[in-house]
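Those letters in the sequence shown? Residues 571 to 697, per the working numbering, in order.
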Amino acid sequence: MKKDVVLVILGLLVVGLSIFLARSLEQERRALKGLEEERYSRMVAEEISQKNASKLSTMQEQIKSASDKMAKIQDIVEQEKGVNADLKNQYAQLAEAKEALEAKVKAAMQEQAAHAPASVPVAAPAK
571 MKKDVVLVIL GLLVVGLSIF LARSLEQERR ALKGLEEERY SRMVAEEISQ
621 KNASKLSTMQ EQIKSASDKM AKIQDIVEQE KGVNADLKNQ YAQLAEAKEA
671 LEAKVKAAMQ EQAAHAPASV PVAAPAK
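Okay, structure coming up:
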């Protein structure tokens, strides 16, 4: 009878340990699955991060290139402003010279008309 009690206790102990082992294995499997999913998520996040870093680098290069082009264009615009100012000054000088010459021609014509005989008509200057 003692032998039967010991066998029953050992049987219960084996069944209990088997249940504990099965639960532990299931928990380990779940933990490993979660760990694998986390590793996969991190790997995907790292790939996305690398792609975004590459895109960022490309965009920064494009911005730098565009900024360089804008600086060159601004330099050209500034040069053209200087050229335009010079041309305006030259135009103003030419306009003044033209007016001065026209005044001299008119004065010479009037002087010539004053010294010329009255019977000879003087032609008006063409404009």
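Heads up, the beta-carbon is just placed ideally off N, CA and C, and yes, glycines get one too.
- Secondary structure of Ala677 (DSSP, three-state): helix.
- Between the alpha carbons of Ala662 and Ala684 lies a gap of roughly 33 Å.
- If one requires a minimum length of 3 residues, no beta strand (DSSP E) run lies completely within the segment 601-668.
- The straight-line gap separating the alpha-carbon atoms of Glu666 and Ala655 is approximately 17 Å.
- If you draw a straight line from the Cα of Val578 to the Cα of Arg593, it comes to about 22 Å.
- Across the structure, Val584 and Leu602 are spaced so that their CA atoms are roughly 26 Å apart.
- Look at Ala683 here: in three-state DSSP terms it is helix.
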